[in-house]
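In order, the protein sequences belong to chains P and U.
One point on numbering: in the numbering used here, the residue at position 255 of the first sequence is 333, and numbering is uninterrupted.
One point on numbering: in the numbering used here, the residue at position 190 of the second sequence is 708, and numbering is uninterrupted.
Notes for the one structure printed next.
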Amino acid sequence: MSHAIITRQLTKYYGEKCVVNQLNLSIPQGSIYGFLGRNGAGKSTTIKMLMGLVHPDVGTAELLGEDSFSICPQTRAKIAYLAEGHPIYKWMSVGDAVDFTRKFYPVWNGELIDQILDHFQLPRKSKIRKLSNGQRAQVSLALAVAPEPELLILDDPTLGLDTVVRRDFLESLIQIIQRKGRTILFSSHVLGDIERVADRIGIMVDGVLRVDCPTEHFKESLRKIVIEFHEAPPDFPICQGLVGSWKVGNRLEVNIVGYSEEHRRLAESLDPLSIDVVTLNLEDAFIEYTRGSRRALPCFSGDVSHVESNDLQGVA
Amino acid sequence: MWRAMIYKELRELCGIAALATAALFLYSGSELRMSFRPLFEPSQSVPFLGDDWYYYFALIGIGFTILLGFKQTAWELWQGTFLFLFHRPARRNDLIVSKLTIGLAVYLICSALPIVCVALWAATPGTHASPFEWSMTLPMWWLWLSLTLIYLGAFTSGLIDGKWYGIRLMPLATSFLATTAVYFIPWWWVGLPLFVVSCVLYVTAILFVARTRDYS
């Protein structure tokens, strides 16, 4: 299987802080990859390293088979990049931005861009500076897809958009960008956005890629156990798959990756009043996973049929 | 690519260029025996031999070149639009070279216009009671050319990445030294090579910084 994006040991420090730590990522061609993480997790830095805009301290990145720092213009024309915040020249009108961008590309689907602008009701004469964040995102999307790219890299394209605009933008995005063989890397800190689009997800936590698996697999693997007690609950014993535990009054909430009978026995050994196992939706699963004790998160990797928990030191 | 870049850069620089050209023309009025009180009185000196015009030309030229250089780099970094520009399918060096070429052309053309006007006026018989030779314009052309180093210094300073303003402003500060040296060295066969070497060093530094800095 050929890969559209490959990174090897990609590492970046800002001063003393390691913002991306030994990232190994392989995204097969034709897949839609949701790249998740909380603010400051290292998603944007990773994407900028992929785009050759930030130099890694260690490691390499390849896009469509070329090193990200020496991508030739012909290959770059096949890659679309929506930068965070949608930077476009604000003095330009929508029409100016289209004309300016078109001159760089050997392939340009003018009909498609007209359709998109029409769909979003964006007049060509409108000045970019007068557009809302959502409309700027729509212009960026139109400019990104007009050259018929093979690979789309979208850095938090819904950042700053309100719920309605975000939903509308995502639905249009899915309609516009889903084409057979097109690879998409979509970063966001809102998992609901990813859930609609991605067939595979990666979750960065403090610069480390902790999850890299099919979307459904992640959702099914994480369980929340709610254990009720008569009085103040005890600590949950350290075990394989433990993400984190929280005491809420007489209740102990425990997040577990790969919930099994062994976990149930451990819960029962605490002599509780009741034990409830809650299935989480993807957004809740993401929140529960990323708010856990960060250094000790169990990792999801590969197309796993089992869940590994190889880093459990210090779990509370 | 070039057509797109020419359009973009000219559109972005036209405000600064218009302002600077107007200021240069205004102060050239002194040389043309015009009066704009309280800004200046008509010059009494022989055209191209008085100090005042050189002083104002240098002052406005320095401001013009610094604004041009920073507008093309620091402004673009601040707006985040380098992320948009550098993802276009063109080599980064080509994009930077196009910016430099257009910026230099804007400075050289806009600031040459008042010199040409004053020279043509001075060369026209009956306009002033003093001698005129075309060679008298050379020091002004030399000043005009020397100021390109300030533009290159400002461009480098706007682009360079550094924690401290001292590091960022170093190229601009050194460009003042280089311009002063190039302009005041009395031997052209020393000044000209110094100018060419300085230009080459600045352009090399600009391309190196553009390639190696992070755009985060």
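Quick reminder that beta carbons are idealized off the backbone N, C-alpha and C, glycines included.
Could you check whether the Cβ of residue i sits closer than 9 angstroms to any Cβ belonging to chain P?
i                 : result
Ser734 of chain U : yes
Gly676 of chain U : no
Thr591 of chain U : no
Thr599 of chain U : yes
Thr730 of chain U : yes
Ile724 of chain U : no
Phe543 of chain U : no
Phe602 of chain U : yes
When the Cα atoms are used, what is the spatial distance from residue i to residue j?
i                 : j                 : result
Val714 of chain U : Pro565 of chain U : 29 angstroms
Tyr91 of chain P  : Val97 of chain P  : 6 angstroms
Thr599 of chain U : Pro560 of chain U : 46 angstroms
Leu719 of chain U : Ile703 of chain U : 19 angstroms
Ser265 of chain P : Thr697 of chain U : 48 angstroms
Ile84 of chain P  : Asp177 of chain P : 33 angstroms
Glu527 of chain U : Ala728 of chain U : 17 angstroms
Phe582 of chain U : Lys297 of chain P : 59 angstroms
Leu656 of chain U : Glu530 of chain U : 31 angstroms
Gly336 of chain P : Ile305 of chain P : 17 angstroms
Gln597 of chain U : Tyr167 of chain P : 8 angstroms
Lys156 of chain P : Pro227 of chain P : 4 angstroms
Leu221 of chain P : Leu667 of chain U : 37 angstroms
Tyr183 of chain P : Glu651 of chain U : 52 angstroms
Ala699 of chain U : Ala538 of chain U : 24 angstroms
Leu638 of chain U : Ser146 of chain P : 54 angstroms
Gly130 of chain P : Asn99 of chain P  : 17 angstroms
Tyr572 of chain U : Gln562 of chain U : 14 angstroms
Ala158 of chain P : Thr692 of chain U : 40 angstroms
His164 of chain P : Leu103 of chain P : 25 angstroms
Gly173 of chain P : Gly533 of chain U : 21 angstroms
Arg372 of chain P : Leu344 of chain P : Per-residue confidence for Arg372 of chain P stands at a pLDDT of 47, beneath the threshold of 50, marking its modelled position as unreliable; the derived number appears in the next sentence. Taking the straight line joining both Cα atoms gives about 23 angstroms.
Ser151 of chain P : Ile191 of chain P : The question names Ser, but residue 151 of chain P is Pro in the sequence shown. In a straight line, the C-alpha of Pro151 of chain P is about 22 angstroms away from that of Ile191 of chain P.
Arg116 of chain P : Val136 of chain P : 23 angstroms
His267 of chain P : Asp290 of chain P : 16 angstroms
Gly322 of chain P : Arg274 of chain P : 27 angstroms
Leu544 of chain U : Gly285 of chain P : 57 angstroms
Should residue i be flagged as near chain U, meaning a C-beta pair shorter than 9 angstroms?
i                 : result
Lys181 of chain P : yes
Arg86 of chain P  : no
Lys168 of chain P : yes
Ile157 of chain P : yes
Val132 of chain P : yes
Lys95 of chain P  : no
Lys205 of chain P : no
Phe113 of chain P : no
Pro235 of chain P : no
What are the boundary residues of the alpha helix (DSSP H) that includes residue i?
i                 : result
Val636 of chain U : Arg610 to Ala641
Lys126 of chain P : Lys121 to Leu128
Ser323 of chain P : It is not in any alpha helix (DSSP H) - Ser323 of chain P instead sits in the beta strand (DSSP E) that spans Leu320 to Val326.
Phe314 of chain P : That residue, Phe314 of chain P, is in no alpha helix (DSSP H); it is neither H nor E in DSSP.
Asn333 of chain P : Premise fails: Asn333 of chain P lies in the beta strand (DSSP E), Arg329 to Val335, not in any alpha helix (DSSP H).
Leu263 of chain P : Segment Thr261 to Ser266 is the beta strand (DSSP E) holding Leu263 of chain P; no alpha helix (DSSP H) there.
Asp177 of chain P : Val172 to Arg180
Ile532 of chain U : Note that residue 532 of chain U is Cys in the sequence shown, not Ile. Counting along the chain, the alpha helix (DSSP H) containing Cys532 of chain U begins and ends at Trp520 to Glu549.
Phe726 of chain U : Trp706 to Thr730
I think residue i touches residue j, with their Cβ atoms under 8 angstroms apart; what is that distance to the nearest whole Å?
i                 : j                 : result
Ala139 of chain P : Leu128 of chain P : 5 angstroms
Val224 of chain P : Trp186 of chain P : Checking the sequence shown, residue 224 of chain P turns out to be Ala, not Val. Confirmed, about 6 angstroms.
Tyr111 of chain P : Ile262 of chain P : 7 angstroms
Glu162 of chain P : Ser218 of chain P : Rounded, the Cβ-Cβ distance is 10 angstroms, inconsistent with contact.
Ser171 of chain P : Ser204 of chain P : 6 angstroms
Asp570 of chain U : Ser548 of chain U : 6 angstroms
Lys181 of chain P : Arg521 of chain U : 6 angstroms
Leu613 of chain U : Leu622 of chain U : Incorrect: roughly 15 angstroms between the Cβ atoms, too far for contact.
His81 of chain P  : Pro106 of chain P : 6 angstroms
Val243 of chain P : Arg301 of chain P : Contact flag wrong, Cβ pair sits at about 34 angstroms.
I want to check one thing, is the minimum distance from the CB of residue i to the heavy atoms of the ligand SAH below 8 angstroms?
i                 : result
Tyr367 of chain P : With respect to small molecules bound, the structure shown includes none, and the ligand SAH cannot be examined in it.
Taking residue i as part of the beta strand (DSSP E), name the residues at either end of that continuous run.
i                 : result
Thr357 of chain P : Ser352 to Thr357
Leu195 of chain P : Run containing Leu195 of chain P: none in the beta strand (DSSP E); it sits in the alpha helix (DSSP H), Gly188 to His197.
Gly137 of chain P : Val136 to Leu141
Thr89 of chain P  : His81 to Tyr92
Lys302 of chain P : Leu300 to Glu306
Tyr167 of chain P : Run containing Tyr167 of chain P: none; DSSP gives neither H nor E here.
Val283 of chain P : Arg278 to Val283
Ile105 of chain P : Lys95 to Pro106
Tyr159 of chain P : Ile157 to Leu160
| Against chain P: residues of the region 559-588 of chain U by CB proximity under 9 angstroms | none
| Short-range partners of chain P found in the region 519-538 of chain U, where Cβ spacing is below 8 angstroms | Met519, Arg521, Ala522, Tyr525, Lys526, Arg529 and Glu530
| Along the region 604-633 of chain U, what residues have a CB closer than 8 angstroms to any CB found in chain B? | You won't find chain B in this structure, because its protein chains are P and U.
| query | In chain order, what residues of the region 664-692 of chain U put their CB closer than 7 angstroms to some CB of chain P? | reply | none
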